[in-house]
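Asker: The numbers in the sequence shown follow our numbering, run straight up by one, and end at 618.
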Amino acid sequence: MEKWVSMPKVELHAHLNGSIRDSTLLELARGLGEKGVIVFSEFENVIQKDDRSLTEVFRLFDLIHIVTTDHNVITRVTQEVIEDFAAENVVYLELRTTPKKNESVGMTKHSYLEAVLEGVKAVSTVDVDFRPHDGDVRITGNSPPINATCNGSTRKKIYVRLLLSIDRRGTAEAAMETVNLALEMSDLGVVGIDLSGNPTVGEWTTYLPALKFAREQGLYVTLHCGEVPNPKEIRSMLDFLPQRIGHACCFEEPEWEKLKSSNIPVEICLTSNIRTNTIPSLDVHHFADLYSKKHPLVLCTDDSGVFATSLSNEYNLAASAFGLGRREIFELTRNAVEFVFADDGVKRELTELFRIAEQKLDQ
Ligand code: 5GP
Numbered sequence: 256m257e258k259w260v261s262m263p264k265v266e267l268h269a270h271l272n273g274s275i276r277d278s279t280l281l282e283l284a285r286g287l288g289e290k291g292v293i294v295f296s297e298f299e300n301v302i303q304k305d306d307r308s309l310t311e312v313f314r315l316f317d318l319i320h321i322v323t324t325d326h327n328v329i330t331r332v333t334q335e336v337i338e339d340f341a342a343e344n345v346v347y348l349e350l351r352t353t354p355k356k357n358e359s360v361g362m363t364k365h366s367y368l369e370a371v372l373e374g375v376k377a378v379s380t381v382d383v384d385f386r387p388h389d390g391d392v393r394i395t396g397n398s399p400p401i402n403a404t405c406n407g408s409t410r411k412k413i414y415v416r417l418l419l420s421i422d423r424r425g426t427a428e429a430a431m432e433t434v435n436l437a438l439e440m441s442d443l444g445v446v447g448i449d450l451s452g453n454p455t456v457g458e459w460t461t462y463l464p465a466l467k468f469a470r471e472q473g474l475y476v477t478l479h480c481g482e483v484p485n486p487k488e489i490r491s492m493l494d495f496l497p498q499r500i501g502h503a504c505c506f507e508e509p510e511w512e513k514l515k516s517s518n519i520p521v522e523i524c525l526t527s528n529i530r531t532n533t534i535p536s537l538d539v540h541h542f543a544d545l546y547s548k549k550h551p552l553v554l555c556t557d558d559s560g561v562f563a564t565s566l567s568n569e570y571n572l573a574a575s576a577f578g579l580g581r582r583e584i585f586e587l588t589r590n591a592v593e594f595v596f597a598d599d600g601v602k603r604e605l606t607e608l609f610r611i612a613e614q615k616l617d618q
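Right, dumping it as structure tokens:
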């Protein structure tokens, strides 16, 4: 694993609350058990298990929804998730989250997001660059470059950008509210919109006005696409030309052709696809075909907490399942710099970081 941990990595598909640490979830669940909000013993085994079944995965999401209804918890989870990704050398991280409201604790979607931002600012193990720069005119010297040397000691740095998720259970109005919130927070690192939530619920076209508005206003858009067989929806999503899509599991030939000719990058989440039974096994995973056709791809975790994985683990899995060497995996992550939702200045800095890392690759 060490060779994957030490490799610089780009993570583009990580749901904030799905990336919660087991130890934190256990501690918070125990606290809720003591208060009588949940029956702790019903969740204890599921939290401590690594190979959760699909039903157990959904039970964990239910539990996570109960524990993440408090500002302090949101802040803590955000800080820990970023620190965990940074600890395994993720140098650029896009975190997505669904803004939530909870009147009983005075939580609005706005205050939820402020709590997330508090978490970003609370990160202490690495320097965090989370504010978008002014397009091309960014000068590296404005903030410490990645792995900056300061007073003789080297500090690691991670870029963090936020995407707000539109939940497919919500209304068109709620989606527009999310887009407006993203625009309001765009100076604070919110760069895009994601469409996620239960793929069997609702019509994606409900959210089209909000998604179009997001794009017109300069936000990036990525869609969970093809998690269930729904060719009409998949084709319509591809016609929208989002900047990226997530998963792309249940495609048939016409949809593959459309995807390949569009060149839309795909966020691939191997462990998640297997655990949720969206793909029966890695030997039939679409990664192999897309990779061999040189379609733009990026390996991601989806929900590192819920699926008990890490980005290093996903790299390890891809290497062994598809016979890829260290250099191929390195190139895969380096190529992902092209489709990060950040300005050219950030891309240039990441490119330089990967150039330096490449020199050490064969040592
Ligand atoms: P949050 O938005 O609360 O930070 O992260 C958890 C949420 O992300 C889940 O409740 C769900 O709405 C969404 N999510 C996480 N993983 C997946 C996935 O694999 N597919 C879809 N469609 N949504 C997901």
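We put the beta carbon where it would ideally sit given N, CA and C, even for glycine.
Taking three-plus beta-carbon pairs below 8 Å as touching, is the region 342 to 355 in contact with the region 407 to 427?
Answerer: Verdict: yes, contact present.
Asker: For Asp-277, I'd like the list of residues in its chain whose CB is within less than 8 Å of its CB, leaving aside the five on either flank, ordered along the chain.
Answerer: Excluding sequence neighbours, Asp-277 sits near Ile-302, Gln-303, Gly-560 and Ala-563.
Asker: For Pro-354 versus Leu-281, is the C-beta distance shorter than 8 Å?
Answerer: No; because the gap between Cβ atoms is not below 8 Å, this pair is not in contact.
Asker: One question on the structure: do Gly-273 and Asp-558 come within less than 8 Å of each other, judged by their Cβ atoms?
Answerer: Against a cut-off of 8 Å, the Cβ pair of Asp-558 and Gly-273 comes out as a contact.
Asker: Suppose the cutoff is 7 Å on Cβ atoms and the five residues either side in sequence are ignored; what does the same chain contact list for Val-328 look like?
Answerer: Excluding sequence neighbours, Val-328 sits near Leu-283 and Val-322.
Asker: Cutting at 7 Å between CB atoms, please list the residues of its own chain near Leu-436, excluding the five before and the five after it.
Answerer: Same-chain partners within the cutoff: Pro-354, Lys-364, His-365, Leu-368 and Leu-419.
Asker: Could you pull out every residue in the same chain whose Cβ sits closer than 6 Å to the Cβ of Ala-576, ignoring the five residues on either side in sequence?
Answerer: Contacts found: Leu-537.
Asker: Beta carbon of Ser-308: closer than 7 Å to some heavy atom of the ligand 5GP?
Answerer: False, no ligand heavy atom lies under 7 Å from that Cβ.
Asker: Is the separation between the beta-carbon of Thr-324 and that of Val-360 shorter than 8 Å?
Answerer: Yes.
Asker: List the endpoints of the continuous beta strand (DSSP E) containing Lys-264.
Answerer: Element bounds for Lys-264: 264 to 270.
Asker: Taking 7 Å as the cut-off, does the CB of Leu-271 come closer than this to any heavy atom belonging to the ligand 5GP?
Answerer: Because some heavy atom of the ligand 5GP lies under 7 Å away, the Cβ of Leu-271 counts as near it: yes.
Asker: I want to check one thing, is the minimum distance from the CB of Pro-454 to the heavy atoms of the ligand 5GP below 7 Å?
Answerer: Yes; taking the cut-off as 7 Å, the Cβ of Pro-454 has a heavy atom of the ligand 5GP nearer than that.
Asker: Residues bridged to Gly-447 by DSSP?
Answerer: DSSP output for Gly-447 lists Leu-418 and Tyr-475 as bridge partner(s).
Asker: Got a sec, what are the start and stop residues for the beta strand (DSSP E) Thr-363 sits in?
Answerer: No beta strand (DSSP E) holds Thr-363; DSSP gives it neither H nor E.
Asker: If I follow the unbroken beta strand (DSSP E) through Ile-500, where does it start and stop?
Answerer: Taken as a continuous stretch (DSSP letters only), the beta strand (DSSP E) holding Ile-500 covers 499 to 502.
Asker: Does at least one heavy atom of the ligand 5GP sit under 7 Å from the Cβ of Asp-617?
Answerer: Checking the Cβ of Asp-617 against the ligand 5GP gives no.
Asker: Given 7 Å as the limit, tell me if Glu-369 has its C-beta closer than that to any heavy atom belonging to the ligand MG.
Answerer: With respect to the ligand MG, the structure shown offers nothing to examine, as its ligands consist of the ligand 5GP.
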